[in-house]
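Each residue of the sequence shown is one higher than the one before, counting from 23 in the working numbering. For reference, the structure is listed below as structure tokens.
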Amino acid sequence: MNTAISAKVIPTAVLTQDAEIFEYSKAADPISSGATPRIPVKTFSSELYATGATRVVPLDLSKELKTDYPVTGPSVIASFVRIKAGESIATSVDATSEFFYVIKGKGHTETEKGAIEWNEGDIFTLPGMAAVHHADEDTAFYMVDDSPLLAYLGVEKSKDRFQPTLYTRAMIMTELEKAKNDPNAGKRSRVSVLLANKNFDQTLTITHTLWSMFGIVPPGTRQLPHRHQSVALDFAVEAKPGVYTLIGPELNADGSIKDAIRVDWVKGAAFVTPAGYWHEHVNESGADAYVMPIQDAGLHSYLRTLDIQFYLED
Numbered sequence: 023m024n025t026a027i028s029a030k031v032i033p034t035a036v037l038t039q040d041a042e043i044f045e046y047s048k049a050a051d052p053i054s055s056g057a058t059p060r061i062p063v064k065t066f067s068s069e070l071y072a073t074g075a076t077r078v079v080p081l082d083l084s085k086e087l088k089t090d091y092p093v094t095g096p097s098v099i100a101s102f103v104r105i106k107a108g109e110s111i112a113t114s115v116d117a118t119s120e121f122f123y124v125i126k127g128k129g130h131t132e133t134e135k136g137a138i139e140w141n142e143g144d145i146f147t148l149p150g151m152a153a154v155h156h157a158d159e160d161t162a163f164y165m166v167d168d169s170p171l172l173a174y175l176g177v178e179k180s181k182d183r184f185q186p187t188l189y190t191r192a193m194i195m196t197e198l199e200k201a202k203n204d205p206n207a208g209k210r211s212r213v214s215v216l217l218a219n220k221n222f223d224q225t226l227t228i229t230h231t232l233w234s235m236f237g238i239v240p241p242g243t244r245q246l247p248h249r250h251q252s253v254a255l256d257f258a259v260e261a262k263p264g265v266y267t268l269i270g271p272e273l274n275a276d277g278s279i280k281d282a283i284r285v286d287w288v289k290g291a292a293f294v295t296p297a298g299y300w301h302e303h304v305n306e307s308g309a310d311a312y313v314m315p316i317q318d319a320g321l322h323s324y325l326r327t328l329d330i331q332f333y334l335e336d
């Protein structure tokens with residue numbers, strides 16, 4: 023039986039109207055040419071969620087990155103969420119991975135899989151599903167999801183890749199203390215722990231697209247520069263004046279960052295470290311500082327494009 027579909031021929035002029043052809047050297051590096059916008063170093067103040075109504079505050083760089091949907095990085099969007107005591111807020115995004123850090127407060131989140139109870143310092147992840155977050159006291163989240171990736175691809179999520187997962191503050195701090203007290207801690211680029219999910223044993227990441235670190239920068243220390251091709255949406259969990267990150271695209275011969283941009287940490291604030299930029303953390307205060315970067319490194323690790331590099335002193 024002939025099942026060929028009969029249809030009228032589309033005119034060549036219509037089929038070719040969007041076609042372009044570039045000489046190789048003019049299009050091989052669209053970032054340097056400016057066609058693809060560079061990711062800016064950007065900070066977002068804790069004042070964005072300190073007071074006011076229950077709401078979601080997107081940390082939106084769509085103007086800078088020339089997208090028609092909210093983004094903080096090309097494949098991720100970060101937001102602050104404020105929930106007043108006794109109130110609730112619903113979230114529902116077309117994403118495959120959602121990350122929530124409880125900046126302050128306590129309460130629970132209702133999902134189709136059941137309820138998740140959370141407290142200050144806890145982290146939980148959702149696989150892209152409708153949820154209602156109820157606050158027992160004034161609450162704030164740092165929230166990240168990969169909806170920009172789906173928007174760019176023009177696709178929708180078809181299935182859950184993991185179940186809702188909770189990482190309590192006690193779990194995280196216990197493992198971080200072990201890392202801090204390890205005899206080899208002083209030789210490592212970072213004193214930190216990586217949060218992971220057993221479903222993603224190839225990437226060792228918190229979801230298949232997202233990566234999450236929770237780290238400490240002890241007083242009087244400098245964590246040497248490193249770089250990677252994933253954008254980092256950093257959150258300053260705890261910091262006193264004198265803690266900062268230096269960021270820049272190149273290193274000097276002595277390992278310092280050339281023409282570095284300084285980002286001072288402020289507790290509860292967030293900042294963007296662009297993909298491919300060298301960055302180092304410095305603590306000139308008298309107290310421990312804690313940082314939590316969220317990256318699209320789960321995706322990059324699977325694609326084999328993360329290209330993480332460390333500067334090592336002789």
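Beta carbons are placed, not taken as given, at the ideal position from N, Cα and C, and that holds for glycine. Fair warning: this is a prediction, and the values are worked out from it, not measured in the lab.
- Around the beta carbon of F44, a 10 Å sphere encloses fewer than 16 other beta carbons of the protein chains shown; the residue is thus reported as exposed.
- By the neighbour-count definition (other C-beta atoms within 10 Å, threshold 16), P205 is an exposed residue.
- Within the same chain, Cβ atoms closer than 8 Å to the Cβ of E335 are found at L246, G277, the five residues on either side in sequence being excluded.
- In the DSSP assignment, Q317 is bridged to W233, A254.
- Taking C-beta atoms as the reference points, H303 and R244 count as a pair closer than 9 Å.
- L171: member of the alpha helix (DSSP H) spanning 169-175, first to last residue.
- In the three-state reduction of the DSSP assignment, G308 falls in the coil class, being assigned neither a helical nor a strand state.
- DSSP places L226 in the coil class of the three-state scheme, outside both helix and strand.
- About 24 Å separates the beta carbons of N305 and A297, which is beyond the 8 Å limit, so they are not a contact pair.
- Shortest Cα-Cα distance from T113 to any of D90, K135, L148, L81 involves L148.
- A contact between stretches requires three or more CB pairs, one per stretch, nearer than 8 Å, and the region 33-53 fails this requirement with the region 62-71.
- Here the alpha carbons of I27 and P33 stand approximately 18 Å from one another.
- In this chain, the alpha helix (DSSP H) harbouring V36 covers 34-37.
- With respect to the 9 Å criterion, G264 and S307 are classified as neighbours on the basis of their beta carbons.
- For E197, same chain residues with a beta-carbon under 8 Å away, outside a window of 5 residues either side, are V215 in chain order.
- Between the region 94-111 and the region 169-185 there are three or more C-beta pairs closer than 8 Å, enough to call the two in contact.
- Sorting A291, H322, T295 by C-alpha distance to the C-alpha of A282 places T295 at the top.
- Going by DSSP, S214 is part of the beta strand (DSSP E) stretching over 213-217.
- Counted as a single uninterrupted DSSP element, the stretch harbouring S54 is not any beta strand (DSSP E) but the alpha helix (DSSP H) occupying residues 52-55.
- It is roughly 16 Å from the alpha-carbon of K179 to the alpha-carbon of A153.
- Listed as beta-bridge partners of F102 by DSSP are V79, Y164.
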